[in-house]
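Residue numbers (our numbering): 1 to 276. So the structure is just underneath, and the comments pick up after that.
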Amino acid sequence: MGSPGDGAPDTTGVRAIRVRVGEETSRVANRRDWDRYADEYQATHGAFLGDAGFVWGPEGHTEDETRLLGDVAGRWVLELGCGAGQCSRWVIDHGGHAVGLDLSLRQLQHSRRLDAETGTPVPAVCATATALPLPDERFDVVFSSFGALQFVADADVMVAEVRRVLRPGGRFVFSVTHPTRWMFPDDPEEGGLTASQSYWDRTPYVEVDDATGDVSYVEHHRTIGDWVSLLAAEGMALVRFDEPEWPADHDRTWGGWSRTRGLLTPGTAIFVARRD
Ligand SMILES: C[S@@+](CC[C@H](N)C(=O)[O-])C[C@H]1O[C@@H](n2cnc3c(N)ncnc32)[C@H](O)[C@@H]1O
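Pasting the structure below:
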């Protein structure tokens, strides 16, 4: 559905439905899917992301421009859903102590490949964002660029885990598919401009393998208000909310993100919150 690099580029033999699924089903399906899709994801998007680049979404806005994390020099920084660790590598190149975490071992193998190619190794952990195998109050910043957040069912558990590992006053910054995109068909062309689904329908987007009947991919929708409430419940106040505009000269299509849609509707939402 709405993730850039949606883990199911080839939807042959897959049925897309909206149905309730829980955390374990989401985790098992998405781990398998990202392991399967990682090679193609990195081959398709690696150059756009940059081996040590930090891109917040398909619009191409970078941390070099936005500086949403603040000064990372000397700071401990955790990335959720780090993929091949490009953003964490950017943090290390800017003097931070970054740790990357991802559910997919294959994505982390790509991170190892880039460690060797760039000479900037990213310490990496294979785990889920809902159970961080990391100590309390260790990090100054936790961030995610289209990483784990829209793939987990138990967002409340994940946000509580983020709070636990953040130091008081620490920052939580994340980009996700803009929640309003869930009203539209996932079509980069004109067909993706007409609202056809309720913004308030939180039923997850689920792909089911026709042959086996297994759930093969899951994404979870939360409204903007849901995210603000989830953060507030863990003592995290929203201090900034960005909706990156599509640059006039940008013409790269990524899944449902395109110039056609990007010039008219927001595709990415970036939340910046501060822990009490
Ligand atoms: C769209 S990719 C983004 C990767 C990277 N941030 C980038 O910009 O290329 C989403 C990533 O989230 C990871 N992911 C999905 N569910 C996760 C979970 N529950 N915990 C941690 N990572 C997860 C996937 O394995 C995948 O690497």
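For every residue, glycine included, the Cβ atom is placed at its ideal position computed from N, Cα and C.
Secondary structure of residue i, DSSP reduced to three states
| i | result |
| --- | --- |
| Gly13 | coil |
| Arg275 | strand |
| Leu263 | coil |
| Arg167 | strand |
| Pro4 | Reliability fails at Pro4, whose pLDDT of 46 lies under 50, so the model's placement of it is uncertain and no value is given. |
| Ser196 | coil |
| Ala175 | With the sequence shown as reference, residue 175 is identified as Ser, and Ala is not the correct amino acid for it. In this structure, Ser175 counts as strand in the three-state DSSP scheme. |
| Trp182 | helix |
| Ala237 | strand |
| Asp102 | strand |
| Val141 | strand |
| Trp254 | strand |
| Asp156 | helix |
Residue range of the unbroken alpha helix (DSSP H) whose run includes residue i
| i | result |
| --- | --- |
| Ala148 | Element bounds for Ala148: n/a, residue is neither H nor E. |
| Val228 | 224 to 233 |
Endpoints, the beta strand (DSSP E) within which residue i is located
| i | result |
| --- | --- |
| Asp209 | 205 to 209 |
| Gly96 | From DSSP, Gly96 is part of no beta strand (DSSP E); its letter is neither H nor E. |
| Ala116 | That residue, Ala116, is in no beta strand (DSSP E); its alpha helix (DSSP H) goes 105 to 118. |
| Val122 | Segment: none, Val122 is in no beta strand (DSSP E) and carries neither H nor E. |
| Glu219 | 215 to 219 |
Nearest candidate by alpha-carbon position, reference residue i, set the options
| i | options | result |
| --- | --- | --- |
| Ser258 | His221, Val215, Asp214, Gly192 | Gly192 |
| Arg164 | Gly96, Ala233, Asp209 | Ala233 |
| Arg252 | His45, Gly22, Arg36 | His45 |
| Pro185 | Ala195, His178, Val176, Asp136 | Ala195 |
| Gln86 | Arg181, Gly147, Val218, Ser26 | Gly147 |
| Ala277 | Asp226, Glu79, Ile270 | Nothing about residue 277 can be read from this structure; the chain reaches only from 1 to 276. |
| Trp227 | Met158, Gln197, Thr265, Asp276 | Met158 |
Any chain D beta carbon closer than 8 Å to residue i
| i | result |
| --- | --- |
| Gly192 | In the structure shown, chain D does not exist; there is a single protein chain. |
Residue i CB to nearest heavy atom of ligand 2 below 7 Å
| i | result |
| --- | --- |
| Phe184 | What this structure holds is ligand 1, not ligand 2. |
Quiz item: Which runs of the alpha helix (DSSP H) spanning at least 4 residues fall entirely within the region 9 to 84, listed in chain order?
Solution: 23 to 49, 63 to 66
Quiz item: Counting Cβ pairs, one atom from each stretch, are 3 or more of them under 8 Å apart for the region 104 to 115 and the region 66 to 73?
Solution: no
Quiz item: Do the region 255 to 269 and the region 203 to 210 make contact, defined as three or more Cβ pairs closer than 8 Å?
Solution: no
Self-check item: Three CB pairs or more closer than 8 Å across the region 158 to 174 and the region 136 to 149
Solution: yes
Self-check item: Three or more C-beta pairs below 8 Å linking the region 110 to 125 and the region 149 to 162
Solution: no
Quiz prompt | Sufficient close CB pairs (3 or more, under 8 Å) joining the region 37 to 57 to the region 92 to 106 | solution = yes
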